[in-house]
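Trainee:
There are 2 protein chains.
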Amino acid sequence: MSEDQTRGPGANAPAHPAPSVTVIAGGVGAARMIAALLQVVPADRVTAIANVGDDLELHGLHISPDLDTITYTLAGEINPETGWGLRGESWQAMESVRRYGGIDWFGLGDRDIGTHLYRTQRMAEGAQLTNVTAEIATAWTVGIRLLPVTDDRLRTMVTLAEGDDAGREISFQEYFVQRRHDVAVRSVRFEGADKAYPGPEVLAAVENADRIVIAPSNPAVSIDPVLAVRGVRQHLEAARHRSVAVSPIVAGAALKGPAARLMEELGHEPSVVGVARWYAPIAATLVIDEADADLAESVAAEGIQPVVTRTIMSQPGVAASLARVVLEPNGPQP
Amino acid sequence: MSEDQTRGPGANAPAHPAPSVTVIAGGVGAARMIAALLQVVPADRVTAIANVGDDLELHGLHISPDLDTITYTLAGEINPETGWGLRGESWQAMESVRRYGGIDWFGLGDRDIGTHLYRTQRMAEGAQLTNVTAEIATAWTVGIRLLPVTDDRLRTMVTLAEGDDAGREISFQEYFVQRRHDVAVRSVRFEGADKAYPGPEVLAAVENADRIVIAPSNPAVSIDPVLAVRGVRQHLEAARHRSVAVSPIVAGAALKGPAARLMEELGHEPSVVGVARWYAPIAATLVIDEADADLAESVAAEGIQPVVTRTIMSQPGVAASLARVVLEPNGPQP
């Protein structure tokens, strides 16, 4: 036993130890939320449980867009021009694919392809996605613990609503990228959810977190697939009092992507009130933007405590203050 | 029926129609031999039956090095610096793989990766290697018909002979690339050969060829795997009188790669005489280099007709004259 340890437990801990935070995460919005949290919490106190429902197998590669968006963002290497993939990309492989008339609607930069090559090879060798994800995050010196919600196969499937395609079910990326989410949706299904078990550290990361943050990701296709994995929703329900959601909807619109449109098409109100209804079973608090201050009472009526603040993280100074609100929605503790 | 056709069969054919040529092919040496033949025969008269024993699955990709070397060479796009892969390559994907500590001993340029992405995706969709190979060759406007010897899985496996690795069996690319063929070999085996059937056009391409050319490839690991596919050796034996082999050994050494060393390690004489013994059952003629003129009688004693000429195709003017000799080893017909 070292001299320090003989002084008794906790003697060297700071007066206010940093809380442990677990983020329920999709892609872009979650990556920004985690980056904001890292302005006020040490990285080794942060865990992200990430969506894998938008993973795909293409060209023989296992591609995990949400995991990679989080990793690349936290590494400071996300491609600022595209919002996905890596900085400084070249596109030679896709040029070759195009020469052959191959599938080119899902853009893969050459640097990014290296990530998928590595992941695919490791999984072919028998490694679990959880381990490969940690290896990739470590290589980018991402300090947080990044956990795919499951090592099992989970795929978000979208059934189209209109025209010749009405009733046709396609994969999430076919909906999101190939059709640029510019089609009406009838329903969403998480293929494999009944057989998908949480990754080895997932449920403990919910149980043990001082604070759970539901990131401002798309509720229908980024957060819901995480909840669909066996036991995750129940664990989040049990931890509801420690959980804060951040609304991805501001003034009735999504900051990015089809969240508002999808909510409406799936029969939900595309507003912070609809978000409140969606998350009330698993979160005690909903952070909404100042633009929605007039809806705070309606949010409260859904059984979730509204907290109004600035939430648009692309605006200067907003990210860190949003992170502080998320960690202590009822104000700083004495 | 068109007017031309009413004139009777062959009326429009040239007096001496170009012979149909089928080349039994490995990689680099075969690609050069085919390019030489194309100086004297129209591309649509040429078929190559190519080795797939050195194919590999790596990073989830199906890689066919010999097929690609032939395609890229005939397209004029082979990388002159490496002798494999494409011109104008970048290496960003491999840089990423290296960041993760992934497998980097098998070099894959970004442009080249696009070929493997396309091939792998098409095969995942259920396409046969024969069809995918034709699609890739067409995209590069390679005029010949390029046939993988089989659509089934065939893998050249090498058993090492010395030191701690004695008795260990590794894949061909582990031998050839990872260990730079700088290890002693005890034996070679073609995994899957007993269940590998020739591709749909392979046996007919042997039966119907006016001239069969066994390219100056490595007999042990490039030509033998082609012969190991069910029925191919028997068809070549039956076509022996139409078949010419070109020696890959000149003055007791291989022009490239480990052919001489491998022949010796496998118990064969590493000379044109050893090549003669190897090919006598399937070829009536063996083209040997002027440097081996003194061995012509020993070649003849093996039951195969020697033809002496210049065979080193990297020397100016040699390729076309070698091609003419190969097509008419007994001199021009009257």
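From first to last, the protein sequence lines are chains Z and P.
Here the first sequence is numbered in the numbering used here, starting from 46 and rising by one per residue.
Here the second sequence is numbered in the numbering used here, starting from 46 and rising by one per residue.
Heads up, the beta-carbon is just placed ideally off N, CA and C, and yes, glycines get one too.
Where does P/Arg-143 sit, in a helix, a strand or coil, going by DSSP?
Mentor: P/Arg-143: helix per DSSP, three-state reduction.
Trainee: Looking only at its own chain, which residues have a Cβ that is under 7 Å from the Cβ of Z/Leu-131, when we skip the five neighbours before and after it?
Mentor: Within the same chain, Z/Leu-131 has close Cβ partners Tyr-117, Glu-122, Asn-124, Gly-154, Arg-156 and Asp-157.
Trainee: Taking one C-beta from the region 88-102 of chain Z and one from the region 179-199 of chain Z each time, how about it: are there three or more such pairs within less than 8 Å?
Mentor: Yes: at least three Cβ pairs fall under 8 Å.
Trainee: Where do the N-terminal and C-terminal ends of the beta strand (DSSP E) with Z/Thr-330 fall, by residue?
Mentor: Residues 330-334.
Trainee: Give me the Cα-Cα distance between Z/Trp-129 and Z/Trp-150, rounded to the nearest whole angstrom.
Mentor: Going by the C-alpha atoms only, they are around 14 Å apart.
Trainee: Any Cβ of chain P within less than 7 Å of the Cβ of Z/Gln-50?
Mentor: Its pLDDT being 43, under 50, Z/Gln-50 is placed unreliably by the model, and the measurement read from it follows with that caveat. Not one chain P Cβ lies under 7 Å of Z/Gln-50.
Trainee: Kindly indicate the opening and closing residues of the alpha helix (DSSP H) around P/Glu-282.
Mentor: Taken as a continuous stretch (DSSP letters only), the alpha helix (DSSP H) holding P/Glu-282 covers 277-283.
Trainee: Mind checking Z/Asp-209: buried by the 16 CB within 10 Å criterion, or exposed?
Mentor: It counts as exposed.
Trainee: Quick one: residues in its chain with C-beta nearer than 8 Å to the C-beta of P/Glu-282, no 5 flanking neighbours on either side, listed in chain order?
Mentor: Cβ neighbours of P/Glu-282 beyond the five flanking positions: Pro-326 and Ile-327.
Trainee: What did DSSP end up calling Z/His-226 once you bin it into helix, strand or coil?
Mentor: It is coil, neither helix nor strand.
Trainee: With 7 Å as the threshold, decide whether the Cβ of P/Gly-376 is near any Cβ in chain Z.
Mentor: No, its Cβ sits nowhere closer than 7 Å to a Cβ of chain Z.
Trainee: Looking at the secondary structure, which residues open and close the beta strand (DSSP E) in which P/Gln-350 lies?
Mentor: Per DSSP, P/Gln-350 belongs to the beta strand (DSSP E) from 350-354.
Trainee: Going by CA-CA distance only, name the one from P/Ala-304, P/Glu-310, P/Val-271 and P/Leu-119 that's closest to P/Val-187.
Mentor: Of P/Ala-304, P/Glu-310, P/Val-271 and P/Leu-119, the residue nearest in Cα terms is P/Leu-119.
Trainee: Which residues in chain Z sit within 7 Å of P/Ala-184, going by Cβ to Cβ distance?
Mentor: Correct list: Arg-144 and Tyr-145.
Trainee: Which of the three DSSP states is assigned to Z/Glu-246 in this structure?
Mentor: Z/Glu-246: coil per DSSP, three-state reduction.
Trainee: Could you tell me the alpha carbon to alpha carbon distance between Z/Ala-299 and Z/Asn-253, rounded to whole angstroms?
Mentor: So the two alpha carbons sit approximately 31 Å from each other.
Trainee: What residue does the beta strand (DSSP E) around Z/Ile-259 start on, and which one ends it?
Mentor: Taken as a continuous stretch (DSSP letters only), the beta strand (DSSP E) holding Z/Ile-259 covers 256-259.
Trainee: Between the region 310-322 of chain Z and the region 271-278 of chain Z, do at least 3 Cβ pairs fall closer than 8 Å?
Mentor: With a cut-off of 8 Å, the region 271-278 of chain Z and the region 310-322 of chain Z do not count as touching, because too few Cβ pairs lie within range.
Trainee: Near Z/Ala-182, what residues of its chain come up, given a Cβ to Cβ distance below 6 Å and the 5 sequence neighbours on each side ignored?
Mentor: Excluding residues within five positions, the ones whose Cβ falls inside 6 Å are Thr-116 and Leu-191.
Trainee: Any idea if Z/Ala-260 is buried or exposed, counting beta-carbon neighbours within 10 angstroms, 16 or more meaning buried?
Mentor: Answer is buried; the Cβ neighbour count reaches 16.
Trainee: Which bits of chain Z does P/Glu-219 rub up against, with CB to CB less than 7 Å?
Mentor: Under the 7 Å cutoff, chain Z gives no residues; its nearest Cβ is about 14 Å from P/Glu-219.
Trainee: Between which two residues does the beta strand (DSSP E) harbouring Z/Val-203 extend?
Mentor: 200-205 is the span of the beta strand (DSSP E), which, as asked, contains Z/Val-203.
Trainee: Can you find a CB in chain P that lies within less than 7 Å of the CB of Z/Thr-356?
Mentor: It does not: the Cβ of Z/Thr-356 has no partner Cβ on chain P nearer than 7 Å.
Trainee: To the nearest angstrom, how far is the alpha carbon of Z/Ala-304 from that of Z/Tyr-163?
Mentor: Roughly 32 Å between the two C-alpha positions.
Trainee: Round the Cβ separation of Z/Val-332 and Z/Ala-341 to the nearest angstrom and send it over; I've been treating them as touching at under 8 Å.
Mentor: Their Cβ separation, rounded to whole angstroms, is 11 Å, which puts Z/Val-332 and Z/Ala-341 out of contact at 8 Å.
Trainee: Mapping DSSP to helix, strand and coil, what is Z/Ser-216?
Mentor: Z/Ser-216: strand per DSSP, three-state reduction.
Trainee: Using only the alpha-carbon positions, how far apart do P/Ser-141 and P/Gly-105 sit?
Mentor: Roughly 16 Å between the two C-alpha positions.
Trainee: Could you check if Z/Ala-249 is buried or exposed, using at least 16 other CB atoms within 10 Å of its CB as the buried criterion?
Mentor: The residue is exposed, with fewer than 16 neighbouring Cβ atoms inside 10 Å.
Trainee: For Z/Ser-359, does the count of other Cβ atoms within 10 angstroms reach 16, so buried, or fall short, so exposed?
Mentor: Z/Ser-359 comes out exposed.
Trainee: Can the beta-carbon of P/Val-222 be found closer than 7 Å to that of P/Val-203?
Mentor: Result no, Cβ atoms of P/Val-222 and P/Val-203 do not sit closer than 7 Å.
Trainee: I need the boundaries of the beta strand (DSSP E) containing Z/Ala-70, first residue and last residue.
Mentor: Looking at the DSSP string, the run of the beta strand (DSSP E) that includes Z/Ala-70 is 66-70.
Trainee: Where does P/Gly-312 land, buried or exposed, given buried means 16+ other C-beta within 10 angstroms?
Mentor: P/Gly-312 is exposed by the Cβ-count criterion.
Trainee: Confirm, please, whether the CB-CB distance from P/Thr-330 to P/Pro-377 is below 7 Å.
Mentor: No, they are not a contact pair.
Trainee: Could you tell me which uninterrupted alpha helix (DSSP H) segments, each at least 4 residues in length, are contained entirely in the region 160-195 of chain Z, listed from first to last along the chain?
Mentor: Whole alpha helix (DSSP H) segments, 4+ residues: 174-184.
Trainee: Just the chain Z side, please: which residues come within less than 8 Å of P/Thr-127 by C-beta, in chain order?
Mentor: None at all; the shortest Cβ gap to chain Z is about 15 Å.
Trainee: If we require 4 or more residues per run, which alpha helix (DSSP H) segments fall completely within the region 84-122 of chain Z?
Mentor: As far as the region 84-122 of chain Z is concerned, its whole alpha helix (DSSP H) runs of at least 4 residues are 110-119.
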